[in-house]
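Enquirer: First residue of the sequence shown: 436, per this note's numbering; consecutive thereafter.
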Amino acid sequence: MKLDMKRLNRLLSYLFSEIKDLQDDDRELPIKWSMMHMYSSSQLASLVALKKGLNPELLSIIAALHDIGAIKTKKRENHALNASEYVYEIINHYNHTLRGNLKEITIDEASIIHEAVVNHSDKGNISDNLYIEAMKDIDSLDRYLHGIETKKDHITHLNNMIKLFDINIVKAKE
């Protein structure tokens with residue numbers, strides 16, 4: 436038994452090759468952080484998708500691309516909205532150049548990916564779209580697991596993950 440994650444892996448390889456040599460000059464977030472977050476979010480996405488009955492590869496692709504706006508523009512502000520053009524650009528590049536004999540990313544899948552990436556930062560508003568809400572939760576959990584302080588709207592989404600995985604967070608003794 437195995438998950439079919441070939442499209443995700445092809446995209447992750449491409450994204451890594453595109454961003455690994457980028458410099459941190461003028462970046463609000465170091466490129467190494469972006470790469471770690473991209474990979475770890477993708478792995479968490481697979482687990483969340485399996486737990487919630489969503490498509491693991493699709494949610495993992497969303498996770499891989501969710502901060503592409505920050506990577507491309509070097510800015511966190513409005514990074515989700517700024518990702519709009521890059522998401523379609525990367526999907527088109529995958530479909531026309533990278534795909535080889537793998538399945539293409541369909542128009543419907545591209546729409547789901549785009550909508551989830553563009554809306555993942557709107558943590559305060561709840562969407563009916565399960566992929567958007569899952570990405571908000573994944574982003575919040577991954578930040579927490581990387582030791583980034585969890586506050587404001589991220590807390591709700593972190594709590595969603597704590598409940599989903601029945602995690603007992605105990606404050607470590609100092």
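C-beta: ideal position from N, C-alpha, C; glycine also.
Everything numeric in this text was worked out from a predicted model, so none of it was measured.
In or out: residue 461 buried (at least 16 other Cβ within 10 Å) or exposed?
Expert: Numbered from its first residue, the sequence shown carries residue 461 at position 26. With fewer than 16 other Cβ atoms within 10 Å, it is exposed.
Enquirer: Can you tell me whether residue 492 is buried or exposed? The criterion is at least 16 other CB atoms within 10 Å of its CB, across all chains shown.
Expert: Residue 492 sits at position 57 when you count from the first residue of the sequence shown. Residue 492 should be labelled buried.
Enquirer: Grab me the residues of residue 573's own chain with a C-beta within less than 7 Å of its C-beta, minus the 5 sequence neighbours each way, in chain order.
Expert: Position 138 of the sequence shown, counted from the start, is the residue given in the question as residue 573. Closer than 7 Å at the Cβ level, and outside the excluded window around residue 573, lie 476, 479, 480, 483, 498.
Enquirer: For residue 479, name the three-state secondary structure that DSSP assigns.
Expert: Numbered from 1 along the sequence shown, position 44 holds the residue referred to as residue 479. In this structure, residue 479 counts as helix in the three-state DSSP scheme.
Enquirer: Using a 10 Å radius around the Cβ and a threshold of 16 neighbouring Cβ atoms, would you call residue 564 buried or exposed?
Expert: Taking the sequence shown and counting its residues from 1, the one referred to as residue 564 is at position 129. Its Cβ having fewer than 16 others within 10 Å, residue 564 is exposed.
Enquirer: Would you say the stretch 529-538 touches the stretch 441-449, given that touching needs at least three Cβ pairs under 8 Å?
Expert: At 8 Å Cβ cutoff, the stretches touch.
Enquirer: I want to know whether the stretch 542-553 touches the stretch 514-525 - three or more CB-CB distances under 8 Å.
Expert: With a cut-off of 8 Å, the stretch 514-525 and the stretch 542-553 count as touching, because enough Cβ pairs lie within range.
Enquirer: Assuming residue 590 and residue 597 are in contact, meaning their beta carbons sit under 8 Å apart, how far apart are those beta carbons, in whole angstroms?
Expert: For this step, residue 590 is matched to residue 155 along the sequence shown. For this step, residue 597 is matched to residue 162 along the sequence shown. Going by Cβ atoms, the distance from residue 590 to residue 597 rounds to 10 Å, so no, they are not a contact pair.
Enquirer: Thinking C-beta only, is residue 500 closer than 9 Å to residue 446?
Expert: Counting from one through the sequence shown, the residue named residue 446 turns up at place 11. Counting from one through the sequence shown, the residue named residue 500 turns up at place 65. Yes, the pair counts as a contact, with Cβ atoms nearer than the cut-off.
Enquirer: Does residue 568 pass the burial test, meaning 16 or more other C-beta atoms within 10 Å, or should it be called exposed?
Expert: Locating residue 568 in the sequence shown gives position 133, where the first residue counts as 1. Answer is buried; the Cβ neighbour count reaches 16.
Enquirer: Do you know whose CA, among 512, 581, 529, lies nearest residue 556's CA?
Expert: The residue you call residue 556 lines up with position 121 of the sequence shown. Considering only alpha carbons, the answer is 512.
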